[in-house]
Amino acid sequence: MLPLTGRRIPVVADEYSDPAKGSGAVKITPAHDFNDFEVGKRHNLAMPSILNAEARVMLAEIELAEVPGISDLDFVRGLEGQDRFAARKAIVARLEEMELVEKIEPHTHQVPHGDRGGVPIEPRLTWQWYADAATLAKPAIEAVETGKTQFVPKQWENTFFAWMRDIQPWCISRQLWWGHQIPAWYAPNGEIFVARTEEEALAQARAKLGADVTLQRDPDVLDTWFSSALWPFSTLGWPDKTVEVAKYYPGDVLVTGFDIIFFWVARMMMMGCHFMGEVPFRTVYIHGLVRDEKGQKMSKSKGNVMDPLELIDAFGADALRFTIASLAGPGRDIKLGRKRVEDHRSFGTKLWNAARFCEMNGIAPRPGFDPASVTLPLSRWLLDAANKAIAEATAALEIYRFDDYAAACYRFTWGSFCDWFLEFAKPVFMGPDGAEKEEIRGVAQHVLGTILRLLHPVMPYVTEELWDRFGYGAECSLIGEAWPQPVAVPGAEAARAELDWVVAFITEVRSVRAELGVPVAAKPAVLGLPGGEPSLQALAAQWQVGHQDALLRYARLAEISAQQGEAPSGAEAAGLVAFSVGGVPFSMDLRGHIDLAAERTRLAKARGVAEAEVKKVHAKLGNPDFVARAKPEVVEENHERLANFEAEIARLNAALARIGG
RNA sequence: GGGCGCGUAGCUCAGCGGUAGAGCACCUCCCUGACACGGAGGGGGUCACAGGUUCAAUCCCUGUCGCGCCCA
47 MLPLTGRRIP VVADEYSDPA KGSGAVKITP AHDFNDFEVG KRHNLAMPSI LNAEARVMLA
107 EIELAEVPGI SDLDFVRGLE GQDRFAARKA IVARLEEMEL VEKIEPHTHQ VPHGDRGGVP
167 IEPRLTWQWY ADAATLAKPA IEAVETGKTQ FVPKQWENTF FAWMRDIQPW CISRQLWWGH
227 QIPAWYAPNG EIFVARTEEE ALAQARAKLG ADVTLQRDPD VLDTWFSSAL WPFSTLGWPD
287 KTVEVAKYYP GDVLVTGFDI IFFWVARMMM MGCHFMGEVP FRTVYIHGLV RDEKGQKMSK
347 SKGNVMDPLE LIDAFGADAL RFTIASLAGP GRDIKLGRKR VEDHRSFGTK LWNAARFCEM
407 NGIAPRPGFD PASVTLPLSR WLLDAANKAI AEATAALEIY RFDDYAAACY RFTWGSFCDW
467 FLEFAKPVFM GPDGAEKEEI RGVAQHVLGT ILRLLHPVMP YVTEELWDRF GYGAECSLIG
527 EAWPQPVAVP GAEAARAELD WVVAFITEVR SVRAELGVPV AAKPAVLGLP GGEPSLQALA
587 AQWQVGHQDA LLRYARLAEI SAQQGEAPSG AEAAGLVAFS VGGVPFSMDL RGHIDLAAER
647 TRLAKARGVA EAEVKKVHAK LGNPDFVARA KPEVVEENHE RLANFEAEIA RLNAALARIG
707 G
């Protein structure tokens, strides 16, 4: 018997109540609590509502009965329209007056609070429109299972499936002022007519009721996500059969964050499959979330939100975009901070300066330039490296590896084009006019154009500006240009071997100089020594002549010549420092420039490294299981390594012996 | 409690059965005729830990610890 109202209520047994808590019995209110609602459904209980939409007491559905000593119907009637908090206080006070309260104990339980107003939320039973989500989900699930739509990275398909396979009926009506209105009309007798237009609804009503009636449209609107789910085709003019629908549906790739998979991606999939009979997109690329420098999610209340516009003001839109692309590894969130953007800014500056240097040296677009016609190894080497960069960048973009794409562009532009090509081109530009200079200019303009195209997606502003300034095309025309394609490069392999050797030579000399503390101003002579592999020896001799200028300039040497007659020995040899490039031995005359102890240390250190490697490889090759079971090419590779390191040790030993090490 | 992901150089992150990589930071030298937001050289890692599979494990499997996220 319920006090005050005098209503008889049933006692039901259910697992929901916890016997260990309090009396073990709990009074439930199916109309105003999610758990109680489930219990009520299980036991077929009545579900009267006691609160209206403003959370004030509402007695319309409450059954009242006069029960002496227990009910107080006048008091209950007086509660009508009272605020919930006031009503609760009044009820407790009245129960105490009537001596119906045995005791009051503090009890901790969870009451949900609204995240905007912070007030306790009171669930209520209302009539709403539902979509049969399980039925809608089926074809969407199938589409992902069969690969008609693919998630990148693939692991997110699990998230999609987890939600879709356990989907609940979808409440699609909302009591808001703004949105697509629910297409349902009510007749005075409560009959519901669902139709596309009011005319159709009226016609239905006439047919059903036999007379014209006044219809009232449902005041509710559709859930935002319901409307958004229609986006892939409603924006194209659907339900009309427009050319846009035919051309753009289904879309190619949807780019979004994982938190949107259920809200939007899943809903678009359901609606697309249902209304269009076809998935809305082939690929769903799920990127990481942009977080702050410490990996915290950005939030206004935490105050760690970065305004992209501020970063753009400080470093430029290209720098921000390039930074984000560089950091966009697969399946990982991006920790973004001012410092990160600053670090990447220099790349744009580098590109700008490189272009400026090109401009100063008369490099301008040449529409008729034929890459296949170049003859200089430097030209061929650069075009070949550009081909590689194009291939890498393209492959990375195709699998949504924006970090790899950015890195490939960076490596090629900075490492190959600026650090080596432009440096090697300097002596040519400063030299006499002629075929060589013309060819280098041609190659430079071609490859600069390639770089601008490659980088345009991540650095649209600088590239577009340079494209226009150089006269590759009209203002804002780069965006419409074709993606760069590899070109045929005659003799690419030979050019690669040649330039790689030249680069290695310069690097080796620089390294030796730095380690031995040779003054920058010193310009020692280098002697080519006999030994090494004969074919390489011959090629190296040829390359030394062909790249004489660059080698002397960048290794800071006085001359490179072949050794004549007997090698010096004993005291005479002290200060002749040995090194090798690709197995071809050389000696650098550093007499008077270095301290022999430093040189001994250098050689001994290099020998130590080589010896450690020999030991490892030797152990491997000495293992019969390895030789028998490993792939033949791996075994072969190790034989080569062993031979190389052993030769290296022999050279180092000889060098040490010469200086009395 | 269930599920997913992550622990690799000081930092941020790639790599993924057979030589451990990048950027930044750091150290040394250099304002050399595009660029000091630059150039050259260099140091730095028992790839979280413990087992297992394998001729071979940072990489595959199992477990432990630590961190993050999602669902309940």
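Residue numbers (this note's numbering): 47 to 707.
Even glycine gets a Cβ: it sits at the ideal position worked out from N, Cα and C.
In this structure, the CA atom of aspartate 264 is about 26 Å from the CA atom of phenylalanine 83. When DSSP states are grouped into helix, strand and coil, valine 190 belongs to the helix group.
C-alpha of arginine 447 to C-alpha of glutamine 201: approximately 16 Å in a straight line. Assigned with DSSP and collapsed to three states, threonine 270 falls in helix. Between phenylalanine 368 and phenylalanine 393, the CB-CB gap stays under 8 Å. Under DSSP, the beta-bridge partners assigned to proline 166 are His159. DSSP places valine 564 in the coil class of the three-state scheme, outside both helix and strand.
Counting only runs that start and end inside the region 358-422, the alpha helix (DSSP H) elements of at least 4 residues fall at 363-373, 384-406. Here the region 562-576 lies against the region 624-643, with 3 or more beta-carbon pairs under 8 Å apart. In this model, phenylalanine 625 and glutamine 609 are separated by some 14 Å (Cα to Cα). One alpha carbon belongs to serine 347, the other to glutamate 657, and they sit about 60 Å apart. In the three-state reduction of the DSSP assignment, tyrosine 176 falls in the strand class, which pools E and B.
DSSP, reduced to helix, strand and coil, places isoleucine 116 outside both helices and strands of the structure shown, so it counts as coil. Residue pairing from DSSP places tryptophan 216 in a beta bridge opposite Ala177. For the options Ser523, Thr395, Val564, Asp338, the alpha carbon positioned closest to that of isoleucine 370 is the one of Asp338. By the beta-carbon neighbour count (other beta carbons within 10 angstroms, threshold 16), proline 76 is buried. Under the three-state reduction of DSSP, isoleucine 606 is assigned to strand. In this structure, Asp635 is the residue among Asp635, Asp353, Pro326 with its C-alpha nearest to the C-alpha of alanine 619. In the DSSP assignment, no residue is bridged to serine 581. The C-alpha of valine 508 is placed about 34 Å away from the C-alpha of alanine 601. Per DSSP, reduced to three states, the secondary structure at arginine 102 is strand.
Contact check for glycine 628 against alanine 693 fails: the beta carbons are separated by 8 Å or more.
According to the DSSP assignment, histidine 685 belongs to the alpha helix (DSSP H) that extends over 678-704. Alanine 703 and valine 623 have their C-alpha atoms some 12 Å from each other.
Three or more Cβ pairs closer than 8 Å define a contact, and the region 205-219 meets that threshold against the region 174-184.
Contact between the region 256-263 and the region 202-213 is absent: fewer than three C-beta pairs spanning the two stretches fall below 8 Å.
When DSSP states are grouped into helix, strand and coil, serine 615 belongs to the coil group. Exclusion of the five residues before and after glutamate 126 leaves Val103, Met104, Leu105 as the residues of its chain whose Cβ lies within less than 8 Å of its Cβ.
According to the DSSP assignment, valine 623 belongs to the beta strand (DSSP E) that extends over 622-627. With distances taken between CA atoms, valine 301 lies nearest to Val330 out of Val330, Leu382, Glu324. The three-state secondary structure of threonine 647, taken from DSSP, is helix. Boundaries of the alpha helix (DSSP H) harbouring proline 278: 277-280, taken from the DSSP string. Within its own chain, the residues whose Cβ lies closer than 6 Å to the Cβ of arginine 648, once the five positions on either side in sequence are excluded, are Glu561, listed in chain order. Around the beta-carbon of threonine 459, 16 or more other beta-carbon atoms lie within 10 Å, marking it buried. Between the region 114-134 and the region 54-69 there are fewer than three inter-stretch CB-CB distances shorter than 8 Å, so the stretches are not counted as touching. In the DSSP assignment, glycine 495 falls within the unbroken alpha helix (DSSP H) covering 481-501.
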